[in-house]
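Count along the sequence shown from 1, add 9, and you get the number used in this note's numbering.
Even glycine gets a Cβ: it sits at the ideal position worked out from N, Cα and C.
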Amino acid sequence: MGFGWRQRAYCAPMPSCFSVEGPLDSSGASLGASAASGSSSLLPASVRGSSETFSVSTSLSQGLLGCMNSSTLPNSDIFFLPKPSNLLRWGLPVLVFLPNLTLFTRSWPFYASKAS
């Protein structure tokens with residue numbers, strides 16, 4: 010089951026979803042080609058997304074340094090954080106239109122003494 014990037018526009022895509030072949034298993038075969046079936050193979054990799062595991066691998070071969078040039082982060086739900094561009098969309102107006110709290114600080118004792 011994919012992430013559904015079109016339904017989750019506030020999410021930043023993971024770099025592994027831009028790979029065409031998908032991650033490699035220990036034998037060197039592509040996991041994406043064997044796991045793809047039906048309509049999911051018709052979608053581009055950037056739209057289809059990836060699994061729940063965030064995989065980063067370099068372009069080096071899976072030879073002598075094959076175990077050292079890739080890292081896997083399981084349970085990578087942190088990538089569901091909002092994109093910074095969407096945070097700025099509502100964060101900047103909040104900062105701009107914040108009320109000036111220093112306006113009535115000098116007259117605060119005057120207003121505080123009127124409380125009954």
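How long is the line joining the alpha carbons of P93 and G11, rounded to whole angstroms? Within the sequence shown, residue 93 is the residue found at index 84, counting from 1. Within the sequence shown, residue 11 is the residue found at index 2, counting from 1. Cα to Cα, P93 sits roughly 23 Å from G11.
The alpha helix (DSSP H) enclosing S116, as first and last residue numbers: Within the sequence shown, the letter at position 107 stands for residue 116. Note, S116: premise wrong, no alpha helix (DSSP H); not H, not E.
Sequence-distant residues of its chain with Cβ nearer than 6 Å to S116 (five each side left out): Along the sequence shown, one-based indexing puts residue 116 at 107. Nothing meets the Cβ criterion.
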